[in-house]
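Okay, so here's the structure we're looking at.
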Amino acid sequence: MKKKKVLMVCLGNICRSPLAEGILKSKVDPEKVFVDSAGTGDYHVGHAPDKRSIAVAQLNKLDISTQRGRQFQVSDFDEFDYIYVMDRSNYENVLALARNEQDKQKVNLILNEVTPGEDAEVPDPYFGEEDGFTRVYEMLDKACDRIAAKIS
Ligand code: 4NP
1 MKKKKVLMVC LGNICRSPLA EGILKSKVDP EKVFVDSAGT GDYHVGHAPD
51 KRSIAVAQLN KLDISTQRGR QFQVSDFDEF DYIYVMDRSN YENVLALARN
101 EQDKQKVNLI LNEVTPGEDA EVPDPYFGEE DGFTRVYEML DKACDRIAAK
151 IS
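Sequential numbering of the sequence shown, starting at 1, is according to the working numbering.
Here's what the structure looks like:
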């Protein structure tokens with residue numbers, strides 16, 4: 001069977017989507033599912049994840065430190081089957097690059113896998129306190145359980 005490909009998207013690709021990538025990777029068979037992440041912005045291209053994301057991942061026995069930031073590109077619509085965004089702003093930014101209905105249908109808010117249709121957001125923890133990262137981790141862990149079950 002063809003590998004399923006999942007892309008996690010946030011703004012900077014250093015806080016939320018690297019965590020989502022690491023968490024989902026830990027829940028799926030790498031032979032069957034490819035997981036990557038990207039940011040809608042280009043501020044952190046080539047950068048490692050934020051120290052606070054690396055730390056909360058480490059507390060949960062995941063190593064995300066070797067990931068490097070990259071920017072979302074139009075060809076990602078061809079490459080990936082599922083594109084999960086963290087908040088409504090990411091959603092608008094990705095949808096603005098969609099070329100057709102098929103592209104648009106690949107994009108969904110990640111928390112809609114937990115609470116369908118609610119359009120709930122994973123808050124941007126970048127300018128906040130450390131506990132924001134713990135909350136983000138917990139939200140993403142739940143969402144990735146659902147995604148793993150859905151695509152495995
Ligand atoms: P992320 O968080 O979108 O979860 O990676 C951010 C990281 C950096 C910035 C914004 C959000 N920034 O403005 O540099």
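By construction, the Cβ of each residue, glycine as well, lies at the ideal position given by its N, Cα and C atoms.
Assuming residue 119 and residue 112 are in contact, meaning their beta carbons sit under 8 Å apart, how far apart are those beta carbons, in whole angstroms? Here the question's residue 119 lines up with position 119 in the sequence shown. Here the question's residue 112 lines up with position 112 in the sequence shown. Sure, about 7 Å apart at Cβ, within 8 Å.
Under the DSSP definition of a beta bridge, which residues are partnered with residue 36? Position 36 of the sequence shown, counting from 1, holds the residue named residue 36. According to DSSP, which records beta bridges pairwise, residue 36 is partnered with 7.
Classify residue 108 as helix, strand or coil using the three-state DSSP reduction. For the purposes of this step, residue 108 is taken as residue 108 along the sequence shown, with counting starting at 1. Three-state result, residue 108: strand.
Where does residue 115 land, buried or exposed, given buried means 16+ other C-beta within 10 angstroms? Stepping through the sequence shown from its first residue, residue 115 is reached at position 115. So residue 115 counts as exposed.
With respect to 7 Å, is the separation between the Cβ of residue 47 and the closest non-hydrogen atom of the ligand 4NP below this value? The residue you call residue 47 lines up with position 47 of the sequence shown. For the ligand 4NP, not one heavy atom lies less than 7 Å from the Cβ of residue 47.
Mind checking residue 131: buried by the 16 CB within 10 Å criterion, or exposed? As a first step, residue 131 is located in the sequence shown; it is residue number 131 there, counting from the start. Exposed.
Does the beta-carbon distance from residue 12 to residue 39 come in below 8 Å? On the sequence shown, position 12 is the one that residue 12 refers to. On the sequence shown, position 39 is the one that residue 39 refers to. In this structure, residue 12 lies near residue 39, with their beta-carbon atoms less than 8 Å apart.
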